[in-house]
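The letter at position 502 of the sequence shown is residue 525 when you use the numbering used here, and the numbering goes up by one with no holes. We put the CB at the ideal spot given by N, CA and C, even for glycine. Notes to accompany the following structure.
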Amino acid sequence: MDVLPGQPYPLGVTTTPEGINVAVASSTADAIELCLMSDSGDETRLTLPDDDAGVFHGFVPGVRPGQRYGLRATGRYAPQSGLRFDHDKLLLDPYARATDGDLTYGPEIYGYAQDDRGRPSGLDSAGHVPVGVVVDETYDWKDDTSPRRRYADTVIYEVHVRGFTQQHPGIPEALRGTYAGLAHPTAVQHLVDLGVTAVELLPVHQSVTEPGVAARGLTNYWGYNTLGFFAPQAAYSAEVRAGRRGSQVNEFKAMVKTLHSAGLEVILDVVFNHTAEGGPDGPTLSFRGLDNPAYYRLDPHNAAAYYDTTGCGNSIDADSSTALRLIMDSLRYWVEQMHVDGFRFDLAPTLTREDGAFERTAAFFDLVSQDPVIGPVKLIAEPWDVGQMDSYDIGRFPPLWSEWNGAYRDTMRDFWRSRPALLSTFASRLTGSSDLYGGSSRRPTASVNFLTAHDGFTLRDLVTYVGRHNEANREDNLDGTDDNRSWNCGVEGPTTDPGVQALRQRQQRAMLTTLLTSFGIPMLLGGDEMGRTQLGNNNAYCQDSPVAWFDWATPDTDLLAFTRRLIRLRLDHPVFRRRRFLRGVQANEIEWYTPAGTRMNDVDWQNPNARSITLYLDGHDLPDHAADGSLLLDDDFLVMVNGWWQPLGMTLPPVDGATTWRREIDSFDPSVGTSAYPAAPENVL
24 MDVLPGQPYP
34 LGVTTTPEGI
44 NVAVASSTAD
54 AIELCLMSDS
64 GDETRLTLPD
74 DDAGVFHGFV
84 PGVRPGQRYG
94 LRATGRYAPQ
104 SGLRFDHDKL
114 LLDPYARATD
124 GDLTYGPEIY
134 GYAQDDRGRP
144 SGLDSAGHVP
154 VGVVVDETYD
164 WKDDTSPRRR
174 YADTVIYEVH
184 VRGFTQQHPG
194 IPEALRGTYA
204 GLAHPTAVQH
214 LVDLGVTAVE
224 LLPVHQSVTE
234 PGVAARGLTN
244 YWGYNTLGFF
254 APQAAYSAEV
264 RAGRRGSQVN
274 EFKAMVKTLH
284 SAGLEVILDV
294 VFNHTAEGGP
304 DGPTLSFRGL
314 DNPAYYRLDP
324 HNAAAYYDTT
334 GCGNSIDADS
344 STALRLIMDS
354 LRYWVEQMHV
364 DGFRFDLAPT
374 LTREDGAFER
384 TAAFFDLVSQ
394 DPVIGPVKLI
404 AEPWDVGQMD
414 SYDIGRFPPL
424 WSEWNGAYRD
434 TMRDFWRSRP
444 ALLSTFASRL
454 TGSSDLYGGS
464 SRRPTASVNF
474 LTAHDGFTLR
484 DLVTYVGRHN
494 EANREDNLDG
504 TDDNRSWNCG
514 VEGPTTDPGV
524 QALRQRQQRA
534 MLTTLLTSFG
544 IPMLLGGDEM
554 GRTQLGNNNA
564 YCQDSPVAWF
574 DWATPDTDLL
584 AFTRRLIRLR
594 LDHPVFRRRR
604 FLRGVQANEI
614 EWYTPAGTRM
624 NDVDWQNPNA
634 RSITLYLDGH
644 DLPDHAADGS
654 LLLDDDFLVM
664 VNGWWQPLGM
674 TLPPVDGATT
684 WRREIDSFDP
694 SVGTSAYPAA
704 PENVL
């Protein structure tokens with residue numbers, strides 16, 4: 024086959040009616056070959072003829088969508104200089120839009136020798152690694168429009184594509200665990216009825232399982248081990264299962280279009296902090312074999328080693344123009360071509376490190392803030408990594424960003440298990456964590472509030488277990504955290520004791536009520552609304568099994584109904600969705616009262632035994648407007664919180680102008696309907 028002169032941009036494979044343009048970035052390779060793979064395993068190798076400014080490129084006539092392909096790179100194998108070229112390794116195009124095939128572990132995939140001289144192994148990896156698929160990227164989006172909800176009006180639902188639908192009896196078996204399954208009317212109706220406004224999908228970029236996990240007969244279920252930053256996970260495609268190679272792209276698009284039509288935004292959990300190639304002794308699958316120094320942060324004192332701030336063996340070097348271009352190109356692709364509405368960045372500080380330290384002026388932040396495609400979408404950071412310094416950077420991200428608020432999670436968990444001296448911190452977290460986000464022009468919506476997430480206990484397990492029970496992970500129950508901040512209500516694990524069961528239900532309802540009435544953006548872990556359990560497993564990353572799947576057969580329907588009411592309450596009342604912190608005279612719109620109905624004073628705030636409080640929210644003076652420009656007016660609310668372990672009478676405070684209070688939500692007794700109470704101070708609830 025002839026390879027004609029091509030174009031150095033865009034990177035990856037671009038289809039035309041006449042063939043494909045191929046462009047591959049590498050500033051250190053001597054040559055790059057395009058390898059066309061037949062279904063029988065035969066390989067046609069074509070050298071890309073041109074090299075412009077570190078981009079090898081060429082045009083290959085006649086290649087059509089569906090063609091499988093890989094890359095091979097020629098260059099020096101000199102780990103001490105950071106170079107790890109090995110022509111025997113078939114490499115995945117970093118810009119591949121779809122993949123085909125699985126990774127099988129064996130000596131063929133490793134780019135290092137088994138002898139003492141450190142030479143390449145000489146074993147070819149073809150047939151053992153995933154390859155790219157040329158795709159037809161045309162898709163009829165028709166009138167698809169993003170809901171584009173304001174941050175303040177957002178309720179996030181964190182969910183796993185496969186786990187959400189794998190056991191759903193209302194979804195055809197062929198669609199379970201897939202993008203098409205998530206787009207099935209039964210699945211969408213659950214989300215709509217619940218009232219959430221956005222689904223945050225655990226990683227859907229093409230990922231592979233780590234060798235240690237595979238050796239235990241398990242898989243990386245969560246997907247935080249990315250290999251392809253442009254390719255939807257093939258295993259989540261019903262079309263791919265049916266033998267239609269490359270069709271995962273359009274199936275993903277159809278899912279997004281369906282969710283948009285139901286008023287739901289789609290946010291992707293993305294893992295740009297490391298790749299699936301692991302440490303220096305890991306497999307050579309793509310980036311390492313194309314331009315190791317351009318993609319990874321190398322140890323400045325030993326280029327054969329990696330500077331790792333992720334705990335996964337390597338860290339992507341966001342200081343490098345090649346790596347930074349890959350990240351930005353990927354983000355733009357998922358917004359422009361796949362129509363997603365935002366991103367949650369796993370271990371985000373890794374992307375902002377310069378000379379090892381977190382920098383608010385990092386190049387990554389600058390590019391995102393200036394980008395007309397990425398800047399307007401939802402950007403959420405996990406504000407910690409495992410760096411040597413500045414590993415916990417909560418509150419330090421620029422104004423454009425929201426953050427997972429780990430301090431909110433820890434405070435609320437501790438408060439509801441009755442830890443002392445937390446009342447003032449609890450109050451701060453409830454009203455948007457101004458101590459973390461009140462400066463630098465940030466808003467309460469900088470805080471993504473959550474009680475539980477994929478990493479850790481579910482809500483039900485949070486009130487059922489004290490210790491982890493991760494035996495199913497086959498790591499001798501040594502994996503996962505010991506810092507659960509949980510309380511089992513007196514019995515470890517399931518029990519038939521009606522008193523313990525009732526207490527656990529009250530605890531779940533109280534925590535959900537706290538979450539849905541807090542200022543900021545609430546994030547609900549998928550399944551918490553129906554009492555999902557992982558049997559005490561707080562690290563179910565490798566559990567592609569009923570341990571991590573939704574149990575649709577035995578949902579807690581009472582808890583589900585209560586959660587729906589809570590979300591409806593939040594969405595109906597802007598007083599819980601404040602967009603700005605209150606200062607000066609506006610601060611009077613929030614007042615705090617003791618259980619006796621008196622205003623809180625310094626002595627009350629400093630009482631280490633105080634666990635109960637009333638928050639008054641004035642809904643008539645909201646300094647905000649609705650999306651249509653109309654003035655937001657609301658009812659006044661009292662949020663009465665009893666963190667004591669026994670029932671406690673709470674006196675209605677003497678609020679000016681209040682004549683009648685109406686009980687809307689009672690987490691202690693959800694069967695109590697709406698009822699009215701005179702505003703007389705002697706009234707005690």
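Own chain partners of residue i with C-beta closer than 8 Å, once the 5 adjacent residues on each side are dropped
i: Asp138; result: Because Asp138 sits at a pLDDT of 47, beneath the cut-off of 50, its placement in the model cannot be relied upon, and the following sentence gives the value as read from the coordinates. Correct list: empty, nothing qualifies.
i: Gln566; result: Leu241, Tyr244, Ala495, Asn496, Gln557, Asn560
i: Val400; result: Val358, Val363, Asp364, Gly365, Phe366
i: Arg172; result: Thr220, Ala221, Glu288
Selected residue, minimal CA-CA separation from residue i, among the options
i: Asp625; options: Pro443, Ile350, Ser447; result: Ser447
i: Gly200; options: Phe275, Gly666, Ala633; result: Phe275
i: Asn496; options: Pro372, Pro422, Gly93, Tyr564; result: Tyr564
i: Ser63; options: Gln90, Leu548, Ala386; result: Gln90
i: Ser49; options: Arg348, Phe438, Leu69, Pro443; result: Arg348
i: Gly98; options: Pro88, Tyr329, Arg87, His110; result: His110
i: Ala149; options: Leu59, Leu589, Tyr616; result: Leu59
i: Glu426; options: Arg634, Phe473, Val154; result: Phe473
i: Val293; options: Leu638, Phe368, Phe599; result: Phe368
i: Asp484; options: Met553, Tyr460, Thr39, Phe449; result: Met553
i: Pro517; options: Asn507, Gln528, Arg508; result: Gln528
i: Asn630; options: Asp433, Thr617, Ala101; result: Thr617
i: Gly429; options: Gln103, Arg95, Arg68, Pro545; result: Pro545
i: Gly204; options: Asp176, Ile688, Trp615, Gln190; result: Gln190
i: His477; options: Gly155, Val184, Asp74, Arg107; result: Val184
i: Leu583; options: Pro693, Val678, Leu655; result: Pro693
i: Pro306; options: Arg268, Ala371, Thr232; result: Thr232
i: Tyr202; options: Thr161, Arg264, Trp164; result: Arg264
i: Leu656; options: Val570, Glu612, Ser441; result: Glu612
Close-in-space but distant-in-sequence residues of the same chain around residue i (CB under 6 Å, 5 per side omitted)
i: Asn493; result: Asn500, Asp502, Gly503, Asn560, Asn562
i: Gly29; result: Asn44, His80, Gly81, Phe82
i: Ser690; result: Arg532, Ala533, Thr536
i: Glu382; result: Thr375
i: Phe542; result: Thr454, Gly455, Pro467, Arg601
i: Trp424; result: Leu402, Ala404
i: Ser709; result: One cannot answer for residue 709 here, as it falls past the ends of the chain, which runs 24 to 708.
i: Glu41; result: Pro84
i: Pro521; result: none
7 Å Cβ shell around residue i - same chain, five flanking residues per side excluded
i: Gly105; result: Asn315, Pro316, Leu321, Ala326
i: Met361; result: Phe275, Lys276, Val279
i: Gly251; result: Leu115, Ala119, Thr122, His228, Gln229
Exposed unless 16 or more other CB atoms sit within 10 angstroms - verdict on residue i
i: Glu515; result: exposed
i: Leu241; result: buried
i: Glu196; result: exposed
i: Lys112; result: buried
i: Val47; result: buried
i: Trp572; result: buried
i: Gln712; result: Residue 712 is absent from the model: the chain starts at 24 and stops at 708.
i: Ala285; result: exposed
i: Val695; result: exposed
i: Gln256; result: buried
i: Thr249; result: buried
i: Tyr32; result: exposed
i: Thr682; result: exposed
i: Asp75; result: exposed
> What runs of the beta strand (DSSP E), each 3 residues or longer, lie entirely inside the stretch 401-452?
Replying inline: Correct list: 401-404, 425-427.
> Which whole runs of the alpha helix (DSSP H) in the stretch 588-663 are 4 residues long or more, in chain order?
Replying inline: Within the stretch 588-663, the complete alpha helix (DSSP H) runs of at least 4 residues are 625-629.
> Which runs of the alpha helix (DSSP H) spanning at least 4 residues fall entirely within the stretch 299-329, listed in chain order?
Replying inline: As far as the stretch 299-329 is concerned, its whole alpha helix (DSSP H) runs of at least 4 residues are 310-318.
> If you scan the stretch 355-409 from start to end, which runs of the beta strand (DSSP E) of 3 or more residues do you find wholly inside it?
Replying inline: Restricting attention to beta strand (DSSP E) runs no shorter than 3 residues, the stretch 355-409 encloses them at 365-368, 401-404, ordered along the chain.
>> Between the stretch 585-603 and the stretch 173-189, can you find at least three pairs of beta-carbon atoms closer than 8 Å?
In response: Yes: at least three Cβ pairs fall under 8 Å.
> In chain order, which continuous runs of the beta strand (DSSP E) of length 3 or greater are located wholly inside the stretch 55-118?
Replying inline: If we require 3 residues or more, the beta strand (DSSP E) runs fully inside the stretch 55-118 come out as 66-70, 73-75, 78-84, 91-97.
>> Quick check: the stretch 295-306 against the stretch 214-222, are at least 3 beta-carbon pairs closer than 8 Å?
In response: Taking 8 Å as the limit for Cβ pairs, the verdict is that the stretch 295-306 does not touch the stretch 214-222.
> Whole beta strand (DSSP E) runs in the stretch 250-306 with 3 or more residues, listed along the chain?
Replying inline: DSSP runs (the beta strand (DSSP E)) wholly in the stretch 250-306: 288-293.
> Unbroken beta strand (DSSP E) runs of length 3 or more, entirely within the stretch 175-231: which are they?
Replying inline: Complete beta strand (DSSP E) runs here, min 3: 179-182, 221-224, 228-230.
>> Check whether the stretch 659-672 and the stretch 630-642 are in contact - that is, three or more C-beta pairs closer than 8 Å.
In response: Pairwise C-beta distances place the stretch 659-672 in contact with the stretch 630-642, as three or more of them are shorter than 8 Å.
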